[in-house]
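Asks:
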Amino acid sequence: MTERFMRPERLIKAHVAMRFGNGVVLGKFMPPHNGHLYLIEFARACCYRLTIIVCALDEEPIPGHIRYGWMKELYPDCNVVLLDRPIPQYPDESPDFFTIWADTVRRVCGEAWKPDVFFASESYGYDMAAALGCVFMPVDERRELVPVSGTKVRRDPMTNWDYLHPVVRPYFVKRVAVIGPESSGKSSLSKRLADHFATCYVSEYARGMLASYGEHVPGYNEAEPQLEDISTIARGQLVSEMALAKQANKVLFTDTDLLTTAFWSNWYFQQVPEWVDELAHSQTYHLTLLMDPRPVADAYVPDIQRPMPDLQQRVEMYKALRLSLIALHRPFVEINGNDWATREEQAIKAVTQLIQPANTD
Numbered sequence: 002m003t004e005r006f007m008r009p010e011r012l013i014k015a016h017v018a019m020r021f022g023n024g025v026v027l028g029k030f031m032p033p034h035n036g037h038l039y040l041i042e043f044a045r046a047c048c049y050r051l052t053i054i055v056c057a058l059d060e061e062p063i064p065g066h067i068r069y070g071w072m073k074e075l076y077p078d079c080n081v082v083l084l085d086r087p088i089p090q091y092p093d094e095s096p097d098f099f100t101i102w103a104d105t106v107r108r109v110c111g112e113a114w115k116p117d118v119f120f121a122s123e124s125y126g127y128d129m130a131a132a133l134g135c136v137f138m139p140v141d142e143r144r145e146l147v148p149v150s151g152t153k154v155r156r157d158p159m160t161n162w163d164y165l166h167p168v169v170r171p172y173f174v175k176r177v178a179v180i181g182p183e184s185s186g187k188s189s190l191s192k193r194l195a196d197h198f199a200t201c202y203v204s205e206y207a208r209g210m211l212a213s214y215g216e217h218v219p220g221y222n223e224a225e226p227q228l229e230d231i232s233t234i235a236r237g238q239l240v241s242e243m244a245l246a247k248q249a250n251k252v253l254f255t256d257t258d259l260l261t262t263a264f265w266s267n268w269y270f271q272q273v274p275e276w277v278d279e280l281a282h283s284q285t286y287h288l289t290l291l292m293d294p295r296p297v298a299d300a301y302v303p304d305i306q307r308p309m310p311d312l313q314q315r316v317e318m319y320k321a322l323r324l325s326l327i328a329l330h331r332p333f334v335e336i337n338g339n340d341w342a343t344r345e346e347q348a349i350k351a352v353t354q355l356i357q358p359a360n361t362d
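The numbering used here puts the sequence shown at residues 2 to 362.
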């Protein structure tokens, strides 16, 4: 029976019988994109065991350990290794270029993973395979199937977003913090921005946590948090951002930040846990939207977690946050419209400028 008329399961068995033992793919994966994933999936289908070599140099824009972590997460069943030793990068740098690389590849693969086949999307693969003494299988040398490159992604990740795997996207997500005094519209604006930009947002962890404690912990008053709560609040805020970054579509909004948490710690307890204070002064965002409470003062809504009914106190907090942002050189835009619609329009304009496609002229 010819292969054309084989049943699918017999065709699969015939294919498996033709697979190589050990294969190898190498690259910078800076970052790994759908073109790389096609190459690796092609290679995995052609061999029983695959080594993926992540090549990295100190001066490269994305650290090697980050790229290595991505590839380990993407391909836990493969032999992923990091090659970060300085060796010639181009054939004109050494007459023994391919011999050096072949020896290095064999060494990092190990005897058990000695390659039988080498996969690449570039013509250098013929010389590399010859030096390795194995078969070369070219994969989409013309780059027609997945028309993207690491350079294009790094230059303009927003335009090339669809070529990035969710494992990689958090590295390029634009992070926007929405901060300010209570009842200045932070939570509502965060939700509206997430809806407008078809992404997700991180809620203020403290409000949910304190409300839960007040409901479930005997004798706990959510209006009177404890000093030990500050570390829990800060940790919860941080990991919420980390957890939602993989679900974000280009931009992630977060209602409050550690700078605000540190402010409230000083307000309640006249002290801040050391690690919280340290992170509050080193945490970075691509943009911070600072909410001015004065134009919407009449909309103040009191509740058990809002201890600043006095507008002057809220203004003082706003000014203190503003001075901190300036001192920390964090880029920010003041949201100071006289009504909610204007404030939302100001925020959308600022975020649009942040994520618009890069000018490649």
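All residues carry an ideal CB built from backbone N, CA and C; glycine is no exception.
If I'm right that ASN35 touches THR52 with Cβ under 8 Å, what's the distance once you round it to whole angstroms?
Replies: Contact flag wrong, Cβ pair sits at about 21 Å.
Asks: For the alpha helix (DSSP H) holding LEU133, just list the boundary residues, first then last.
Replies: 125–133
Asks: Can the beta-carbon of PRO32 be found less than 9 Å from the beta-carbon of ARG68?
Replies: A contact, by the Cβ cut-off of 9 Å.
Asks: Helix, strand or coil: how does DSSP classify ALA298 here?
Replies: helix
Asks: Could you spell out where the beta strand (DSSP E) holding PHE80 opens and where it closes?
Replies: Here the sequence assigns Asn to residue 80, which means Phe is not the residue at that position. Per DSSP, ASN80 is one residue of the beta strand (DSSP E) stretching across 80–84.
Asks: Identify which residue in LYS251, SER232 and ARG45 has its Cα closest to the Cα of LEU259.
Replies: SER232
Asks: Going along the chain, which unbroken runs of the beta strand (DSSP E) with 3 or more residues stay wholly within the segment 222–275?
Replies: Taking only runs of at least 3 residues, the beta strand (DSSP E) segments lying wholly in the segment 222–275 are 252–256.
Asks: Are the CB atoms of GLY181 and PRO294 nearer to each other than 9 Å?
Replies: yes
Asks: Once DSSP output is grouped into helix, strand and coil, what is the label at THR3?
Replies: With a pLDDT of 46 at THR3, under the threshold of 50, the predicted position of this residue should be treated as unreliable, though the coordinate-derived value follows. Here THR3 sits in coil by DSSP.
Asks: Using the C-alpha atoms, what's the distance from ALA57 back to MET129?
Replies: 18 Å
Asks: Assuming LEU228 contacts PHE270 (C-beta within less than 8 Å), just tell me the rounded distance between them.
Replies: At roughly 5 Å, the Cβ-Cβ gap stays under 8 Å, so LEU228 and PHE270 are in contact.
Asks: Consult DSSP for ASN339 and reduce its assignment to one of helix, strand or coil.
Replies: coil
Asks: Tell me the DSSP secondary structure of VAL218 in three-state form.
Replies: coil
Asks: Sort ASP141, GLU112, LEU165 and ARG86 by Cα distance to ILE101 and report the nearest one.
Replies: ARG86
Asks: Sort ASP256, THR289 and LEU312 by Cα distance to GLY186 and report the nearest one.
Replies: The shortest Cα separation from GLY186 among ASP256, THR289 and LEU312 belongs to ASP256.
Asks: Can you name the start and end residues of the alpha helix (DSSP H) that THR285 belongs to?
Replies: From DSSP, THR285 is part of no alpha helix (DSSP H); its letter is neither H nor E.
Asks: Taking the Cβ atom as the reference point for each residue, do LEU83 and VAL55 lie within a distance shorter than 9 Å?
Replies: In contact: LEU83 and VAL55 (Cβ atoms closer than 9 Å).
Asks: So, helix, strand or coil for ALA121, using DSSP?
Replies: strand
Asks: DSSP on HIS330, reduced to helix/strand/coil?
Replies: coil
Asks: Look at the alpha carbon of SER266 and the alpha carbon of PRO296, and state the distance between them as a whole number of angstroms.
Replies: 26 Å
Asks: Please state if the CB of THR200 and the CB of LYS251 are separated by a distance shorter than 9 Å.
Replies: yes
Asks: Using the Cα positions of TYR127 and THR152, report the straight-line distance between them to the nearest angstrom.
Replies: 24 Å
Asks: With DSSP as the reference, label PHE173 as helix, strand or coil.
Replies: helix
Asks: Could you check which residue in TYR76, VAL203, ILE88 and VAL26 has the C-alpha nearest to that of GLU123?
Replies: VAL26
Asks: With a CB to CB cut of under 8 Å and the five nearest residues on each side skipped, what residues in its chain are close to ALA342?
Replies: none
Asks: At which residues does the beta strand (DSSP E) containing PHE137 begin and terminate?
Replies: 136–139
Asks: For the beta strand (DSSP E) holding LEU40, just list the boundary residues, first then last.
Replies: It is not in any beta strand (DSSP E) - LEU40 instead sits in the alpha helix (DSSP H) that spans 35–47.
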